[in-house]
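Following: one structure in structure tokens, then a few remarks.
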Amino acid sequence: MTAAKITATGAYVPEREVTNEDLARVMDTSDEWIRSRTGIGSRHIAVGESTSQMAVKAAMDVLSRSRWEAEDLQFIIVATGTPDHLFPNMACLVQEAVGASHAFCFDLNAACSGFLYSLSVAKGYIESGMYERGMVIGAETISKVVDWTERSTCVLFGDGAGGVIVEKGERGIGSVVMGADGKGGDVLRCYSSNILCHSEESRKRIDYLHMDGQEVFRFAARQVPAVIEEVLDREGLQADQIGHYILHQANERIIAAVARKMKEPAEKFPVNLSRYGNTSSASIPILLHELDQAGALQPGEKLILAGFGAGLTWGAALVEWNN
Ligand code: ACO
């Protein structure tokens, strides 16, 4: 049977790094508070750079590590909750910038689960035989939608982009399970596109990201192990047969809670939050790229990728690494 596999990775983060100490100089917070609750030490913030520009840089990085040229791509999917504008979509901007003239292009918004959702779409295209190869990118400028006077949220996020080539192969992306719970939408929301609001009053109001942190914590600690177990069940695998669990990088304590629930050692759950903060849909491809570059992923190793975020949305995928 035709499978879809990931054959190249790439990433880009903006140059400007903002440490916890930098934040403590301009707001009432501390490195100790942020690090002990989240694992975050610093984050990269886009200055004069947009989501699409970062997506283009990540796409170029992916292509430079791939055997394909831009014109060989048949589709580009950009996962983002923070596009530069409503339309044209970010994927079309990437297509134009890299010269992927044969690709069809669209964006997908599933917040921090966006990369997982997009990967599943790419898998579907390839396994069905509709297309043979494309690119999936996660790109975000969350720094533009947080209220920088609200210390409980702004310290958590960073900007960046990461991506992969997905193409036809014999093995690769296995079972994928996704879910959503629209009833939990209020827990993590950003209604900032105020021109789209229906009432005149809301049209005048800029709305930033809001989060009920403890509710998000409970949701993630419950739902992420459950969706991973479902993937393992479908694959007939035990948790200890997985080499690495590559989770959305929201919070080190969430990742540790998932590891404990799975009864798996923390070392199998890599984290790079200390350097990037939470980059939403970009976090999984950035981490995957770093692990690949570091030679940390063995050929044939089984990985779990898992995302969770606003919506509420979640998803997990089994990936047999053969990049
Ligand atoms: N620096 C110092 N103090 C702070 C800060 C800060 N940056 N932010 C909040 N505080 C204070 C609050 O004002 C409050 O003070 P008070 O007790 O005097 O009122 C105190 O710290 C506790 O505030 P809480 O909001 O209750 O903090 P909590 O202990 O819940 O920690 C956190 C917040 C880290 C966000 C936690 O809820 C959490 O880990 N949530 C998981 C959700 C998450 O990480 N989301 C990331 C994005 S979502 C996603 O990607 C899916």
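Read in order, the letters of the sequence shown are residues 1018 to 1340 in our numbering. Quick reminder that beta carbons are idealized off the backbone N, C-alpha and C, glycines included.
In whole angstroms, what is the alpha-carbon distance linking residue i and residue j?
i	j	result
residue 1089	residue 1261	31 Å
residue 1117	residue 1313	31 Å
residue 1057	residue 1093	31 Å
residue 1188	residue 1143	12 Å
residue 1022	residue 1055	32 Å
residue 1131	residue 1328	11 Å
residue 1181	residue 1079	6 Å
residue 1139	residue 1043	43 Å
residue 1107	residue 1120	13 Å
residue 1160	residue 1129	14 Å
residue 1179	residue 1095	10 Å
residue 1283	residue 1277	8 Å
residue 1255	residue 1235	24 Å
residue 1101	residue 1253	42 Å
residue 1339	residue 1068	29 Å
residue 1070	residue 1098	15 Å
residue 1263	residue 1323	6 Å
residue 1309	residue 1049	31 Å
residue 1286	residue 1259	10 Å
residue 1037	residue 1051	7 Å
residue 1083	residue 1077	10 Å
residue 1134	residue 1126	9 Å
residue 1066	residue 1250	43 Å
residue 1175	residue 1053	18 Å
residue 1168	residue 1315	40 Å
residue 1033	residue 1039	12 Å
residue 1173	residue 1081	31 Å
residue 1064	residue 1199	33 Å
residue 1202	residue 1297	16 Å
residue 1273	residue 1166	29 Å
residue 1162	residue 1232	20 Å
residue 1230	residue 1045	18 Å
residue 1085	residue 1246	35 Å
Do residue j and residue i count as a contact pair if the criterion is CB distance below 8 Å?
i	j	result
residue 1136	residue 1111	no
residue 1164	residue 1208	no
residue 1026	residue 1184	no
residue 1060	residue 1294	yes
residue 1157	residue 1028	no
residue 1019	residue 1146	yes
residue 1151	residue 1091	yes
residue 1321	residue 1265	no
residue 1271	residue 1311	no
Can you list, in chain order, the residues of its chain with a C-beta nearer than 6 Å to that of residue i? Leave out the 5 residues immediately preceding and following it.
i	result
residue 1041	1047
residue 1248	1192, 1194, 1333, 1335
residue 1228	1170, 1205
residue 1030	1061, 1177
residue 1275	1241, 1242
residue 1074	1029
residue 1196	1331
residue 1279	1242, 1256
residue 1103	none
Report all residues from its chain with a CB closer than 7 Å to the CB of residue i; omit the five preceding and five following residues, and keep chain order.
i	result
residue 1337	1188, 1189, 1191, 1317, 1319
residue 1269	1055, 1056, 1288, 1290
residue 1123	1094, 1106, 1108
residue 1306	1026, 1027, 1028, 1179
residue 1035	1059, 1060, 1062
residue 1114	1073
residue 1244	1194, 1196, 1323, 1331, 1332, 1333
residue 1304	1263, 1266, 1287, 1289
residue 1292	1058, 1059
residue 1087	1080, 1115, 1116, 1117
Once the 5 residues before and after residue i are set aside, which same chain residues still bring their CB inside 8 Å of it?
i	result
residue 1257	1281
residue 1149	1091, 1143, 1184, 1185
- Any beta strand (DSSP E) of 3 or more consecutive residues that is wholly inside the segment 1078-1102: 1092-1096
- Item | Length-filtered (4 minimum) alpha helix (DSSP H) runs lying within the segment 1021-1063 | 1037-1043, 1048-1055
- Task: Please list the segments of the beta strand (DSSP E) lying wholly inside the segment 1122-1157, counting only runs of 3 or more residues, in order along the chain.
- Result: none
- Task: For the segment 1160-1239, list the alpha helix (DSSP H) runs that are entirely contained and at least 4 residues long, ordered along the chain.
- Result: 1168-1171, 1217-1220
- Taking only runs of the alpha helix (DSSP H) that begin and end inside the segment 1263-1324, which ones reach a length of at least 4 residues, in chain order? 1269-1279, 1290-1293, 1300-1310
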